[in-house]
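Some notes on the structure that comes next.
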Amino acid sequence: MGKLTSNNSLYIIKIGGNVIDNSENLYHFLKDFEALKGYKILVHGGGKVATQMAEDLGVESKMVDGRRITDIETLRVVTMVYGGLINKNIVAQLQRFGNNAIGLTGADGNFIKAVKRPVKTIDYGFVGDIVPDSINPQNISKLMEAGFTPVFCAITHDGEGQLLNTNADTIASALAVSLSGLYDTTLIYCFEKKGVLKDINDEESLIGEIDPQRYEELKTEKIIHSGMLPKLDNAFTAIACGVKAVIIGKSDDLGQLKDNKPFGTRLTKNA
1 MGKLTSNNSL
11 YIIKIGGNVI
21 DNSENLYHFL
31 KDFEALKGYK
41 ILVHGGGKVA
51 TQMAEDLGVE
61 SKMVDGRRIT
71 DIETLRVVTM
81 VYGGLINKNI
91 VAQLQRFGNN
101 AIGLTGADGN
111 FIKAVKRPVK
121 TIDYGFVGDI
131 VPDSINPQNI
141 SKLMEAGFTP
151 VFCAITHDGE
161 GQLLNTNADT
171 IASALAVSLS
181 GLYDTTLIYC
191 FEKKGVLKDI
201 NDEESLIGEI
211 DPQRYEELKT
221 EKIIHSGMLP
231 KLDNAFTAIA
241 CGVKAVIIGK
251 SDDLGQLKDN
261 KPFGTRLTKN
271 A
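For what it's worth, the UniProt record's numbering labels the leading residue of the sequence shown as 1, then goes sequentially.
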């Protein structure tokens, strides 16, 4: 199946806690999201809300190196929070702005299957890993072509009736790679900084564009290191697999895209 010809652009945007946890930030972000032309998919997590809800319910949250251990009680909480509370709030807000959004887990429409993470040194419980062919691009395309905007939470399924907690960044990247065969796809990660910064403490030190060669230079110069490396490594992997571009930036600045103004740090195959 070749690329679709009518209005062929697709934005896949992942938002994190800095947007979800602040109702004013979320309101403005969703307004800007609705204003974007072309097809759109929103992906969200909600870890802080899930942690608070678990505490309220007397369920202990266990983390290892920043990753959540998802036992059966925790799975119940994250399913309620991600697939219910947060997802449906986002959908309701988008409907308010005239966007016919539809809230989804990976199990809905068999859109995203995953495999339960194998136990090595740590048992992460009911955590799902994305594998090749996890995404069903044709079914997702049918939904968008019918006029709906998918809003995916960080819950997938294994095809055998089991829900799985899955990293939202990974879901967004996998969606972008899979759908890049049908659309000119741009993947956007919205977080708390303006983008990739030369100086983490200086918001004005934004690096506007990075290609693979420049990325290697920035790593050698130790300008980019530690926590930013996995995100950028995944971004360039997505680009190598057909994604048009990856943008990393602040949710507050998303509105610049609709006016074709630079936004965040743009990662591309070539400068």
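Every residue, glycine too, gets a C-beta built ideally from N, C-alpha and C.
Here the structure is a predicted model, which is why all the values come from computation and not from measurement.
Supposed contact pair residue j and residue i - C-beta distance, whole angstroms, cut 8 Å
{"i": "residue 168", "j": "residue 12", "result": "Between residue 12 and residue 168 the Cβ distance is about 11 Å, and since that is not below 8 Å, they are no contact."}
{"i": "residue 134", "j": "residue 107", "result": "No, residue 134 and residue 107 are not in contact; Cβ-Cβ is about 12 Å, not under 8 Å."}
{"i": "residue 267", "j": "residue 236", "result": "6 Å"}
Residue i to residue j span [Cα, whole Å]
{"i": "residue 148", "j": "residue 220", "result": "44 Å"}
{"i": "residue 253", "j": "residue 179", "result": "25 Å"}
{"i": "residue 35", "j": "residue 190", "result": "16 Å"}
{"i": "residue 255", "j": "residue 232", "result": "23 Å"}
{"i": "residue 269", "j": "residue 240", "result": "7 Å"}
{"i": "residue 181", "j": "residue 242", "result": "7 Å"}
{"i": "residue 211", "j": "residue 176", "result": "18 Å"}
{"i": "residue 207", "j": "residue 160", "result": "45 Å"}
{"i": "residue 72", "j": "residue 158", "result": "15 Å"}
{"i": "residue 79", "j": "residue 31", "result": "26 Å"}
{"i": "residue 131", "j": "residue 125", "result": "17 Å"}
{"i": "residue 5", "j": "residue 143", "result": "Low per-residue confidence applies at residue 5: pLDDT is 43, beneath 50, and the placement is therefore not dependable enough to give any value."}
{"i": "residue 41", "j": "residue 33", "result": "10 Å"}
{"i": "residue 153", "j": "residue 21", "result": "15 Å"}
{"i": "residue 115", "j": "residue 155", "result": "12 Å"}
{"i": "residue 198", "j": "residue 230", "result": "17 Å"}
{"i": "residue 60", "j": "residue 81", "result": "15 Å"}
{"i": "residue 85", "j": "residue 44", "result": "12 Å"}
{"i": "residue 69", "j": "residue 162", "result": "16 Å"}
{"i": "residue 224", "j": "residue 170", "result": "21 Å"}
{"i": "residue 16", "j": "residue 46", "result": "7 Å"}
Residue burial classification, residue i (beta-carbon count within 10 angstroms, cutoff 16)
{"i": "residue 118", "result": "exposed"}
{"i": "residue 166", "result": "buried"}
{"i": "residue 319", "result": "Absent from the structure is residue 319, since the part of the chain shown begins at 1 and ends at 271."}
{"i": "residue 99", "result": "buried"}
{"i": "residue 146", "result": "exposed"}
{"i": "residue 150", "result": "buried"}
{"i": "residue 226", "result": "exposed"}
{"i": "residue 250", "result": "buried"}
{"i": "residue 23", "result": "exposed"}
Residues near residue i in its chain [Cβ-Cβ closer than 7 Å; skip 5 each side]
{"i": "residue 122", "result": "64"}
{"i": "residue 38", "result": "7, 9, 10 and 11"}
{"i": "residue 238", "result": "173, 176, 177, 187 and 246"}
{"i": "residue 185", "result": "10, 12, 176, 179, 243 and 244"}
{"i": "residue 51", "result": "61"}
Residues that residue i bridges to, as DSSP identifies them
{"i": "residue 190", "result": "15 and 249"}
{"i": "residue 41", "result": "12"}
{"i": "residue 156", "result": "164"}
{"i": "residue 112", "result": "135"}
{"i": "residue 261", "result": "Looking at the DSSP assignment, residue 261 forms no beta bridge with any residue, so it has no partner."}
{"i": "residue 62", "result": "69"}
{"i": "residue 150", "result": "102"}
Sequence-distant residues of the same chain with beta carbon closer than 8 Å to residue i, five excluded per side
{"i": "residue 1", "result": "Residue confidence is low: residue 1 scores 47 on pLDDT, short of 50, so the model does not pin down where it sits. Its coordinate-derived value is still stated next. Excluding positions up to five away in sequence, the list reads 138, 181 and 182."}
{"i": "residue 228", "result": "196"}
{"i": "residue 262", "result": "208 and 256"}
Close beta carbons around residue i, own chain, < 6 Å, minus the five adjacent residues each side
{"i": "residue 278", "result": "With the chain covering 1 to 271 only, the question about residue 278 has no answer from this structure."}
{"i": "residue 136", "result": "110 and 111"}
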